[in-house]
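Here is the structure we will look at.
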Amino acid sequence: MNHSLHITGGRVIDPANGIDEIRDIHVRDGIIVKEKSPHAEVIDAAGKVVSPGLIDIHVHFREPGQSHKETIASGARCAAFGGFTTVVCMPNTSPVADSPSTIAWIQERAATACVNVFCTGAITRGLAGEEMSPIGALAQAGVVALTDDGRCIQNHGVMRRAVEYARQFGLPVMDHCQEATLSADGVMNEGEWSTRLGLPGWPALAEDLIVARNILLAEETGHPIHCQHISSARSVRLLREARHRGVPITAEACPHHISLTDERLKTFDTNFKVNPPLRTPADIDAIIEGIADGTITILASDHAPHATYEKEVEFDQAPFGMLGLETELAVFLEILLHQRKALTLPQIITLLTVNPAKLLRLDRGTLSIGAPADITILNPSHSWTYDRNDSPSLSKNTPFHEFALRGRALTTIVGGKVVWDLENGFRN
Amino acid sequence: MTMNWQHKDLCALADHSAQELMTILDTATVFKGVGERNLKKVPALRGKTLVNFFIEPSTRTRISFELAAMRLSADVVNISASASSLEKGETLLDTARNLEALRADLIVIRHKSAGSARFLADRLQASVINAGDGAHEHPTQGLLDAFTIREKLGRIEGVRVAIVGDILFSRVARSNIQLLTKLGARVTLVGPPTLVPAAFSSLGVEIAHSIDEVLEESDVINLLRIQHERQRREYFPGVGEYTARFGLTKKRAALLKGNCLIMHPGPMNRGVEIDSAVADGKGSVILDQVTNGLAVRMAVLYLCSGGVPMDPSATDQ
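Taken in sequence, the protein lines are chains A and B.
Mapping to the working numbering: the first sequence position 364 is 364, numbers consecutive.
Mapping to the working numbering: the second sequence position 167 is 595, numbers consecutive.
In structure tokens, the structure reads:
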């Protein structure tokens with residue numbers, strides 16, 4: 001196959017190479033190349049931004065086992081729709097992704113998805129938090145990280161041994177930080193609104209305690225631990241202090257945790273039920289401050305589809321989770337760039353490309369010559385109103401339906417091929 | 429104050445203005461008069477069907493709603509959790525849609541999940557009345573408590589109300605807080621810090637961790653049932669220590685103002701949150717609350733069915 005692209009006149013922002021200037025990008029056979037190829041398809045990017053393909057290291061594509069919520073194929077289309085060219089799937093599938101055979105099953109489907117789909121493996125068998133998964137075999141099968149996401153390993157001895165063991169394979173450990181005796185049966189942030197609504201509270205303290213544990217374990221073992229979807233102000237403070245001391249600890253933030261507060265739950269709308277829960281304006285301020293000062297270095301969605309019939313039940317019975325990939329870039333740009341002016345566009349792109357690639361050692365997130373041609377063309381100021389019916393997801397559980405947002409992906413290019421653009425939709 | 433009620437549902441007192449809530453209390457005053465008559469029935473809801481949909485056990489609230497509906501000439505069906513298809517795995521929404529397909533006009537729901545009444549109200553044409561949703565609200569209990577205070581003391585504004593007990597898990601407390609603060613009462617919540625966490629102060633109330641602090645100043649003392657069987661063991665050490673610190677004993681009752689009202693939403697634990705003699709003694713309006721509950725529920729069913737608000741000072745029924 002000989003397919004070439006010539007992306008002309010765009011503002012190329014490639015943080016990995018310190019580039020932010022108007023220039024052309026050339027693609028041949030799925031690779032970024034230096035020279036223009038004859039007969040290249042021309043994409044006019046004048047007035048637009050050309051970024052390395054965006055990376056989201058936290059998605060739930062529900063296969064195997066829950067394909068009524070999402071499939072690897074439909075989830076990948078959500079990613080492309082949102083400008084993401086690479087995603088990393090969480091292992092809380094059915095069966096749990098804790099064996100090489102399940103990883104192989106996922107990889108087989110991932111091979112035909114429209115974006116790059118990488119796998120994580122479970123730290124413990126069945127996400128039970130007790131026995132270690134076959135971590136060596138998972139590493140060999142090609143997982144990019146280990147995590148029990150959705151669950152948090154409560155037994156500190158088990159967590160310590162797993163981190164120590166993972167070190168020999170160079171696999172980062174990612175953790176969903178939730179101390180279960182404190183979060184107990186909580187379904188929303190513990191605070192004024194849980195008090196008003198009479199819903200069981202999930203206190204920020206339950207996250208903070210595990211973040212502190214993970215800092216100590218990362219320090220003790222010298223192995224990187226990544227704290228997923230940070231929601232609490234005090235967790236940000238703990239992380240900042242630890243990173244100043246050089247502890248190998250990283251963290252990510254999600255769109256909903258910087259844009260929505262627990263007050264949204266006053267109508268008992270389960271589309272706002274997420275784990276960890278939406279918290280307070282002070283938590284939002286602290287997370288944004290943490291993103292701006294380099295405490296939080298990665299942005300991710302925690303894309304978590306659930307069928308309408310599963311969500312349309314009593315609030316405490318509904319599953320946690322919300323869709324995210326379709327609106328992720330727009331919410332980050334709306335809040336961080338436009339409303340708060342907390343980061344510049346190149347800084348935001350850094351947190352969506354180079355940084356996640358570096359954590360998981362992916363050869364992506366850059367427009368370097370010779371790199372895979374994953375490219376996102378975007379307009380950071382494009383005004384639009386999101387309609388959940390436009391999503392390629394099999395589910396509808398977004399909290400951002402009918403939100404007015406600024407910023408959007410216009411063209412998503414994976415491996416040198418345009419897979420989606422705003423004008424024509426999906427190409428296949 | 430102009431009378432006003434434009435809603436098909438009553439899910440939470442937090443959703444309504446002081447004016448709307450006064451409209452219910454005024455209309456209830458008229459219905460209380462009906463209950464005092466020899467013939468206790470009016471035709472206001474003749475031909476309407478009310479379903480008492482109680483997914484959590486209750487006797488007094490269910491019977492009160494049933495009697496209120498019968499006095500308004502509605503037809504009443506009672507459904508309990510064990511008799512419903514919820515036991516067979518049907519969702520709450522499907523069960524309620526089936527009730528609506530049978531042309532129920534009013535659904536009174538009690539459910540263990542906060543927000544369940546609102547969940548149905550948003551999805552059904554029928555009127556939905558919340559008879560208690562988890563720890564969220566119990567609107568008609570809040571209304572009947574306020575009705576009783578107004579009836580006995582002649583006013584609500586400026587009245588000092590102490591609510592004592594398991595506030596954290598109490599829907600009665602939340603409905604009382606919403607209504608009483610909107611109508612200008614001064615509310616103090618009393619209990620151990622585990623059951624009265626500081627977050628309650630954001631609701632416009634004061635907090636005390638000893639009942640002795642509020643005895644002399646209170647115009648109303650509302651004692652909640654204290655539960656300790658299974659779920660509260662992490663919250664306080666035991667009933668004995670609770671009674672020692674928060675029980676309304678005879679000795680403490682003697683320190684109350686002479687006209688202080690003693691209230692309890694029932695069912696009481698005699699000798700735990702309230703001394704038995706105090707429950708039956710001077711100042712106790714516990715049975716008046718039950719009687720008033722009927723009038724308040726008649727008013728709520730009537731107004732949510734589109735009835736025109738009634739003003740006791742303007743009519744002579």
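Even glycine gets a Cβ: it sits at the ideal position worked out from N, Cα and C.
Measuring straight from C-alpha to C-alpha, what distance separates residue 615/B and residue 714/B? 19 Å
By the three-class DSSP mapping on this structure, what secondary structure does residue 399/A have? Coil at residue 399/A, not helix or strand.
Count the other CB atoms, across all protein chains shown, that sit within 10 Å of the CB of residue 310/A; report buried if there are 16 or more and exposed otherwise. buried
For residue 426/B, name the three-state secondary structure that DSSP assigns. A query on residue 426/B cannot be resolved here, the shown segment of chain B reaching from 429 to 745 and no further.
Distance between residue 170/A and residue 597/B (C-alpha atoms, nearest Å): 48 Å
Can you tell me the Cβ-Cβ gap for residue 623/B and residue 664/B, rounded? I've got them flagged as a contact below 8 Å. 7 Å
Alpha carbon to alpha carbon, how far is residue 430/B from residue 250/A? 60 Å
Is the shortest distance between the beta-carbon of residue 541/B and the beta-carbons of chain A less than 8 Å? yes
Straight-line Cα distance separating residue 29/A from residue 1/A: Residue placement at residue 1/A cannot be trusted, given a pLDDT of 48 that sits under 50; what the coordinates show is reported in the next sentence. Cα to Cα, residue 1/A sits roughly 7 Å from residue 29/A.
Under 8 Å, Cβ to Cβ, is there at least one residue of chain A near residue 547/B? yes
When you compare only the Cα positions, how much space is there between residue 144/A and residue 108/A? 16 Å
Chain-ordered chain B contacts of residue 317/A [CB-CB under 8 Å]: Within chain B, the residues placing a beta-carbon under 8 Å from that of residue 317/A are 541, ordered along the chain.
From residue 300/A to residue 645/B, what does the alpha carbon distance come to, in whole angstroms? 55 Å
Which residues in chain B have a C-beta closer than 8 Å to the C-beta of residue 314/A? List them in chain order. Taking the beta carbon of residue 314/A as reference, the chain B residues within 8 Å of it are 520, 539, 541, 543, 544 and 547, listed in sequence order.
CB contact below 8 Å: residue 207/A versus chain B: no
Looking only at its own chain, which residues have a Cβ that is under 6 Å from the Cβ of residue 102/A, when we skip the five neighbours before and after it? 95
With a 10 Å radius around its C-beta and 16 neighbouring C-beta atoms as the bar for buried, classify residue 363/A as buried or exposed. exposed
Let me check understanding here. Comparing Cα to Cα, which of 224/A, 403/A and 39/A lies closest to residue 165/A? 224/A
Does any residue of chain B have a CB that is nearer than 8 Å to the CB of residue 191/A? yes
Along chain B, which residues have their Cβ under 9 Å away from the Cβ of residue 195/A? 596, 602, 625, 627, 628, 630 and 631
Beta-carbon spacing of residue 524/B, residue 515/B below 8 Å: Between residue 524/B and residue 515/B, the CB-CB gap reaches or exceeds 8 Å.
Find the nearest neighbour of residue 641/B within the set 671/B, 603/B and 680/B, judged by alpha-carbon distance. 680/B
Write down the C-beta distance between residue 497/B and residue 478/B rounded to the nearest angstrom, noting that I regard them as a contact closer than 8 Å. 4 Å
Secondary structure at residue 388/A, three-state DSSP: helix, strand or coil? helix
Within the present structure, is the beta-carbon of residue 23/A separated from the nearest heavy atom of the ligand FAD by less than 7 Å? Ligands displayed in this structure: none; no statement on the ligand FAD is therefore possible.
For residue 368/A, which residues in the same chain have their Cβ closer than 7 Å to its Cβ, ignoring the five residues on either side in sequence? For residue 368/A, where only same-chain residues beyond five positions count, the Cβ hits under 7 Å are 16, 17 and 32.
Beta-bridge pairing of residue 420/A - partner residues as DSSP gives them: 412/A and 426/A
Against chain B, with Cβ distances strictly below 8 Å, would residue 198/A count as a contact? yes
Need the endpoints of the beta strand (DSSP E) that residue 134/A sits in, please. Membership of residue 134/A in any beta strand (DSSP E) is not indicated, and neither H nor E is assigned to it by DSSP.
Under 8 Å (Cβ pairs) to chain B, residues found in the region 239 to 271 of chain A: 267 and 268
What do you get for residue 140/A, buried or exposed, if any count of 16 or more other CB atoms within 10 angstroms of its CB means buried? exposed
Residue 745/B (DSSP reduced to helix, strand or coil): Residue confidence for residue 745/B is low, a pLDDT of 46 falling below 50, so the modelled location carries little weight and cannot support an answer.
Say whether chain A places a C-beta atom closer than 8 Å to the C-beta of residue 562/B. yes
Buried or exposed (CB count within 10 angstroms, at least 16 for buried), residue 354/A: So residue 354/A counts as buried.
Spatial distance of residue 350/A from residue 402/A (CA atoms): If you draw a straight line from the Cα of residue 350/A to the Cα of residue 402/A, it comes to about 28 Å.
Residue 526/B burial status per 10 Å Cβ neighbour count (16 or more: buried): Looking at its Cβ environment, which holds fewer than 16 other Cβ atoms inside 10 Å, residue 526/B is exposed.
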